[in-house]
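Asker: The structure under discussion is supplied below as structure tokens; questions concerning it will follow.
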Amino acid sequence: MDIELARAFDATPEAMWAILLDPQPMAECVPGMEAVEVVSPTEYLATIKVKIAFISARFKVRTVIAQADAPRYLRCEVTGEDSAVGSAIKAVAEMWLTPTEAGTELRVKGAATIMGRLGALGLNPVKTKAERMWEDFCVRLAAKLAGPADVEATPVVPFTAEPAPAAPILAPPIVTPAAVTPAADSVTHIPPRKPGFLARLLPRSEPGEIRVELERDGTRAVLHWPAAQGAECLAWLERTFAPTR
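Laid out in structure tokens, this is it:
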């Protein structure tokens, strides 16, 4: 894919060159740029996120400056890939800064080869995306060249937290000893209830569980019941399995 784009700026070639060759402000102008690392004065590593059609890719890009003539001309070689989406790019880009009466014309020309899933989309969507990124880049670059806007600073009033009101000191509660009822002189003894028919059938089981085994008319039944519900277990057994008198 071959592409050539141009835009006029109200700035000198020297001012534009200073920004375009400075990794940090340059990275802030590139749409989708997430990180940039300076390997050497002529080599940079960057991470760029881009979405074309229905494919979102995050390219690891390596840029090497092959030729430079400050502040007029620059040629660089670019390679990048995103193994997650199976796409790669290889490109050669050239940049010219030409003085004009109104400022400087920035012209770029690139020849790129896109492989993998993004390459399968065809030329039109890729070229359209490149043109949109160029427009966004130019807007950001113009803002950088214009410098920060003169904005009247709003004084910041330091915040001083008001001390919280002290908690009232409460008197300790007055504890009145409860009246003690004297114990009865005699205790009525209630004899324990004799185990019923079904209670005698309950074999020993694991703690916390009642296990019942019954056999009637050739049918054997095993029942597991929580020990905490032993009374309910006995009542159910008496209603269900008690012998007919």
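So the number in the working numbering is just where the residue sits in the sequence shown, counting from 1, plus 2.
The beta carbon of each residue, even a glycine, is placed where N, CA and C say it ideally should be.
Computed from a predicted model, the values in this text were never measured in an experiment.
By the DSSP assignment, the alpha helix (DSSP H) with A125 in it spans what residues?
Answerer: Reading the sequence shown from its first residue, position 123 is the one you call residue 125. Inspection of the sequence shows that residue 125 is occupied by Leu rather than by Ala. Per DSSP, L125 belongs to the alpha helix (DSSP H) from L125 to A148.
Asker: M28: buried (16+ other C-beta within 10 angstroms of its C-beta) or exposed?
Answerer: Start at 1 with the first residue of the sequence shown, and residue 28 comes out as number 26. Counting Cβ neighbours within 10 Å, M28 comes out buried, since at least 16 surround it.
Asker: Which residue marks the beginning of the alpha helix (DSSP H) containing L22, and which one marks its end?
Answerer: Taking the first residue of the sequence shown as 1, we reach residue 22 at position 20. It spans P15 to L22 - the alpha helix (DSSP H) in which L22 sits, taken as one unbroken run.
Asker: Check L236 in the structure and name its three-state DSSP category.
Answerer: Within the sequence shown, numbered from 1, the residue matching residue 236 stands at position 234. Here L236 sits in helix by DSSP.
Asker: Taking Cβ positions, are A113 and V94 nearer each other than 9 Å?
Answerer: As a first step, residue 113 is located in the sequence shown; it is residue number 111 there, counting from the start. As a first step, residue 94 is located in the sequence shown; it is residue number 92 there, counting from the start. Against a cut-off of 9 Å, the Cβ pair of V94 and A113 comes out as a contact.
Asker: Helix, strand or coil, according to DSSP, for A8 in the structure here?
Answerer: Counted from its first residue, the sequence shown places residue 8 at position 6. Three-state DSSP puts A8 in a strand.
Asker: Looking at the unbroken alpha helix (DSSP H) that takes in P25, where does it start and where does it end?
Answerer: Numbered from 1 along the sequence shown, position 23 holds the residue referred to as residue 25. Segment P25 to C31, the alpha helix (DSSP H) holding P25.
Asker: So the candidates are W136, Q231 and A233; which of them puts its Cα closest to the Cα of E6?
Answerer: As a working note, residue 6 is residue 4 in the sequence shown. It is W136.
Asker: Please work out which residues of its chain come closer than 7 Å, Cβ to Cβ, to A1, disregarding the five sequence neighbours upstream and downstream, and give them in chain order.
Answerer: Only positions 3 to 247 of the chain appear in this structure, which leaves residue 1 out of reach.
Asker: Mind checking Y75: buried by the 16 CB within 10 Å criterion, or exposed?
Answerer: The count along the sequence shown starts at 1 and reaches residue 75 at position 73. Exposed, by the Cβ-count rule.
Asker: Run the CB neighbour count on D24, radius 10 Å, all protein chains shown included, and call it buried at 16 or more, exposed below.
Answerer: What you label residue 24 is simply residue 22 of the sequence shown in a count that begins at 1. Label assigned to D24: exposed.
Asker: Tell me the DSSP secondary structure of A55 in three-state form.
Answerer: What you label residue 55 is simply residue 53 of the sequence shown in a count that begins at 1. Three-state DSSP puts A55 in coil, outside helix and strand.
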